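Shown next, in structure tokens, is the structure this report addresses.
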């Protein structure tokens, strides 16, 4: 009789595992299960078996542990010369039922460990221990993989990448997204050194969903001038889903999901924390984060405070060509790009048996300057004396962003049922400040009769209330059902003298059902269906200044132009997905077909204003329908003790990709002489994929390679034949890493060199420019020191080792020829501390 | 292009497959190997069919239009020309494009604060900074006849003498010229001029 593996897998997926001690034991759940009807069935089967079968049947039990005797969950155990196989549970235990007396060969394998084969005789006299010896190198160095990651990779029919906080520290960039863009298929849309937005397989902005603590992060995703308001020190694990994921995540997850999970719960009666210190030479950034946690029996809490302060970033050039105008840079500093950030997080939690509840309150606030020679893409002549006086000050133009969140997550599990409830409130408040400039027909001096301050260019104030409920039900040993509902309400207010999007309210609700069926213990089907309904109600807007409206007979009348009309639209959509995942031993093979969607945003429906940052007069289309996308995803991965290799190709078809299309027209009255950009729909075909491989040359030396490629083409509309905006170029990353468990007094020492080779991007759409290919090197050195029993983890990096001048095609500043940051030496120290109050 | 991609995918898949199959030790894996070969074959065929079912790439235009200030009688030119209030002037420049021109626009605005859009290669000698009182703003857009790859503007433009507030401010102004082609590529050029009363 097979064990119910589906349940165990689900445990890996959803349970918050404790770092120090294994939590909810799988045995408990199995017990619960057996207590139910199934138990009766099992019992009757066993009884009937014992009566009907003459030959005695035995149980083979064992535990898998590592070199330090810690249990190893998730190890694969195969009973050779039979078709039996299983996986070790959270306590490292496994067993095989119904064995007849005899000699068996057991093979145990686990990623990162050498395979172990042992001969055992049944019946056994005691529970066996299988100690695995670690490969000195973990095989998935490039894409961090642990048991959790492997399980997730097997479970998810789409292609996923899993990253933990250690990976983030070793690859720490200017922002969370900059630290992640090393992953294949993940890139960023950057503005400056510390701000970046996620791009998954060439799709970004509102086509990627960022989830933190189960709640969708809602900000001004459509804008390219600011980054993601997430404190990267506060992140523990990140799951990147590369592919359409509307099924579980709703509208906007059409391109993929960045799911930030904080899984750890402190062990009972412990307290501790960590101090993180980071310094970067390129922009003289200094940052620090202090965290503290404590748990007494069922209650726990944690706190984190982060402060980062950075100066202007430096580029390997002494001038920048903004269109035809050459702006000189003082000592390579990109003028006025300094900034500061701070973050506060607090968590209160309760965990007991099958109940868990957590409340998180966080606030992330950022103030950073924009490149003074170009506010957006609009060239400016600057007061160099003022701007170059200090590299640390923040002058006009600059922005303030504040993101406040309260999130509550709870779960309850009993027998075959698991209930989860998430509630969230968040407020994103963003302001752009700049000296008043009379664009178009704005008066040359700002009237003092207006309430809005003259130097407030734009203001966005967004409040979002969201809720999710999920019910998981184990229909049988092999079949699991997941039913979920999501709801969200948004209130968006605007301010400032520039108009780009109207004020709007929006709500959306969706319900989904996902069924997972295990055909065998190594393979499962997943089928899902979702229905969504949403409404957007955007408000009219009139200019605060009059414009000269010239009638046909030549008379000029000054009137306050109406920029946006009242728009009220309802949307509904059905999305679905069918996937299969097969993972025998060293393999993971997957296929998934699905339909995803995205509701048009207020800007796409109602924009009617000049974006002076881009010299564009942007016109929305109130008739747009929800974007729909069909995608076929495949994934094949093989990993052995020496090799790991994987390919994840995809084909994607959009029936109506919505994008801002530059026309050949200009508009005087509404567009103030700027080029008209219309929101258009186009049929789009995209395909591409990622490849990653690792090879262990020597015991401590590993070679790795990752590559990504995307092709996109519009098949209809005014830009038929063109690609899509912000198309990432083909890119490959070669890595060599030396790692040793003990190198003198350093533990887990590593030296790693990255060589990135990126191709030319000549597939462009107006107003983009061709971006030449480049090659850059990066170096990473690190390890853990023990000073008087106090461990200190050190991660040292040199990014852009040779100070190469290169351009990132998906950088916001690419159009005005600002190269990427020059050589950057980054040092990160982590000093953890913890105490167990039980010992006293 | 498209066939090249298919080849790349096929070659990659082949390599991966070979490596994967070779590194297998256990005999039982040969089964997977064979099975996977078939799977790969199937996937390659599937990908090829889908990818090749779309039309061949057609030629797309990626060239921006250009503004030529070097024609004889070009006006205005940067830092040297003055436009007078209340008088018409001949706006004369040449636009060119490889396929077809779209339209163009002119935007005249003050540069008293020395900060405005500036795309000229040289910086003009400007008057000291001052606060605008009644600065002139002029915006106009024009279409270019269909099918042109070259177009010389010859529009007499007139600047009003005053507005309801009174006379305009004299001094440094910017003359921003923008041209598009039919595909939406655009080129802009800002030049510094002086505006004054005669």
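Protein chains in written order, with the working numbering: chain Z, 49 to 888; chain D, 314 to 511. Ideal Cβ positions, reconstructed from N, Cα and C, are used throughout, including at glycine. All values derive from a computational prediction rather than experimental measurement.
Mapping DSSP to helix, strand and coil, what is residue 868/Z? coil
Chain Z contact for residue 487/D (CB, 8 Å cutoff): no
Might you give, ordered along the chain, the residues of its own chain that have their beta carbon closer than 6 Å to the beta carbon of residue 683/Z, omitting 5 neighbours on each side? 207, 638, 696
Shortest alpha-carbon distance to residue 585/Z belongs to which of 613/Z, 572/Z, 800/Z, 563/Z? Nearest of 613/Z, 572/Z, 800/Z, 563/Z to residue 585/Z, Cα basis: 613/Z.
Taking C-beta pairs closer than 8 Å, name the residues in chain Z that residue 407/D reaches, listed in chain order. Within 8 Å Cβ-Cβ: nothing; residue 407/D doesn't reach chain Z, min ~17 Å.
Might you give, ordered along the chain, the residues of its own chain that have their beta carbon closer than 6 Å to the beta carbon of residue 810/Z, omitting 5 neighbours on each side? Setting aside the 5 residues that flank it on each side, residue 810/Z is surrounded in the same chain by 818, each with a C-beta closer than 6 Å to its C-beta; the list follows chain order.
Which runs of the beta strand (DSSP E) spanning at least 3 residues fall entirely within the region 750-815 of chain Z, listed in chain order? 779-791, 794-806
Anything in chain Z within Cβ reach of residue 448/D, meaning under 8 Å, just list it in chain order. Within chain Z, the residues near residue 448/D are 486, 492.
Any idea what DSSP makes of residue 885/Z, helix, strand or coil? Here residue 885/Z sits in helix by DSSP.
Kindly indicate which three-state DSSP category residue 654/Z falls into: helix, strand or coil? In the displayed model, residue 654/Z falls within a helix according to three-state DSSP.
If we count the other Cβ atoms within 10 Å of its Cβ and call it buried at 16 or more, is residue 588/Z buried or exposed? exposed
Determine the burial state of residue 834/Z: buried for a count of at least 16 other Cβ atoms within 10 Å of its Cβ, exposed for fewer. Exposure of residue 834/Z is indicated by the presence of fewer than 16 other C-beta atoms within 10 angstroms of its C-beta.
Does the contact criterion of 3 or more C-beta pairs under 8 Å hold for the region 401-412 of chain D versus the region 459-479 of chain D? yes
In three-state terms, what does DSSP make of residue 255/Z? Helix at residue 255/Z.
Could you check whether residue 543/Z and residue 507/Z sit closer than 8 Å to each other, using their CB atoms as the reference points? A contact, by the Cβ cut-off of 8 Å.
Whole-angstrom distance between residue 545/Z and residue 656/Z, CA atom to CA atom: 14 Å
Please classify residue 218/Z: does DSSP put it in a helix, a strand, or coil? In the structure shown, residue 218/Z sits in a helix (DSSP, three-state: H, G or I).
Which residue marks the beginning of the alpha helix (DSSP H) containing residue 226/Z, and which one marks its end? 224-228
State the beta-bridge partners of residue 422/D as determined by DSSP. 487/D
Can you tell me which residues form a DSSP beta bridge with residue 121/Z? DSSP, once it has assigned bridges, lists no residue as partnering residue 121/Z.
Taking residue 461/D as the query, report the chain Z residues whose CB atoms sit under 7 Å from its CB, ordered along the chain. Simply none; closest approach about 12 Å.
Given that a residue counts as buried once 16 or more other Cβ atoms are within 10 Å of its Cβ, and exposed if not, what is residue 730/Z? buried
Is the beta carbon of residue 286/Z closer than 8 Å to that of residue 304/Z? no
Just the Cα atoms here: how many angstroms apart are residue 779/Z and residue 232/Z? 9 Å
For residue 785/Z, which of 351/Z, 329/Z, 796/Z, 737/Z has the nearest alpha-carbon? Looking at the Cα atoms, 796/Z is the closest of the given residues.
For residue 690/Z, does the three-state DSSP call read helix, strand or coil? coil
Which chain D residues sit within Cβ distance under 7 Å of residue 812/Z? By Cβ distance, chain D contributes 375.
Using only the alpha-carbon positions, how far apart do residue 262/Z and residue 723/Z sit? 41 Å
Please go through the same chain and pick out, in chain order, the residues whose beta-carbon is closer than 7 Å to the beta-carbon of residue 355/Z, but skip the five residues on each side of it. 335, 336, 390
Given that a residue counts as buried once 16 or more other Cβ atoms are within 10 Å of its Cβ, and exposed if not, what is residue 169/Z? exposed
When burial is assigned at 16 or more other CB atoms within 10 Å of the CB, is residue 815/Z buried or exposed? buried
Three-state class that DSSP yields for residue 482/D in the structure shown: Annotated three-state conformation of residue 482/D is coil, per DSSP.
Is there at least one Cβ from chain D nearer than 8 Å to residue 367/Z's Cβ? No, no contact with chain D.
At the 8 Å Cβ level, is residue 497/D part of the contact set with chain Z, yes or no? yes
Going along chain Z in order, which residues have a C-beta closer than 9 Å to the C-beta of residue 467/D? Residue 467/D does not reach chain Z, its nearest Cβ partner there being about 18 Å away, counting only Cβ pairs nearer than 9 Å.
Using CA atoms only, rank isn't needed, just tell me which of 712/Z, 387/Z, 759/Z is closest to residue 441/Z. 387/Z
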